[in-house]
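Before any comments, here is the structure.
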Amino acid sequence: MTIKIYSTPSCPYCFTLKEFLKEKNISFEEIDVSKDQAAAEEMIKKSGQMGVPVVEVDGEIIVGFDKEKISKVLKI
2 MTIKIYSTPS
12 CPYCFTLKEF
22 LKEKNISFEE
32 IDVSKDQAAA
42 EEMIKKSGQM
52 GVPVVEVDGE
62 IIVGFDKEKI
72 SKVLKI
């Protein structure tokens, strides 16, 4: 399972999301869209959103820290 989190350092929801995944021992790739313009454009193209966090789980896009949906997709 491949998990990408598009985030920024100043986003409190991004921080909470990453802490949630760490508590569950789920590894993820963090992509800082504030420093990587190409990644920001990729995130917008995939999600249609400019806000963070955006989570991609094996190609499925989840916008925001939707704990219920993330838990369901990750089966936790």
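Residue numbers (this note's numbering): 2 to 77. Heads up, the beta-carbon is just placed ideally off N, CA and C, and yes, glycines get one too.
Residues bridged to residue i [DSSP beta-bridge criterion]
{"i": "Val64", "result": "Val55"}
{"i": "Lys5", "result": "Glu30, Glu57"}
Which listed residue (the options) has its alpha carbon closest to that of residue i
{"i": "Val56", "options": "Lys46, Val34, Ile71, Gly49", "result": "Ile71"}
{"i": "Lys36", "options": "Glu69, Ile6, Gly60, Pro10", "result": "Pro10"}
{"i": "Glu69", "options": "Leu22, Cys12, Ala40", "result": "Leu22"}
Sub-8 Å separation of residue i and residue j beta-carbons
{"i": "Ile63", "j": "Val74", "result": "yes"}
{"i": "Ile27", "j": "Tyr7", "result": "no"}
Endpoints, alpha helix (DSSP H) assigned at residue i
{"i": "Gln50", "result": "From DSSP, Gln50 is part of no alpha helix (DSSP H); its letter is neither H nor E."}
{"i": "Cys15", "result": "13-24"}
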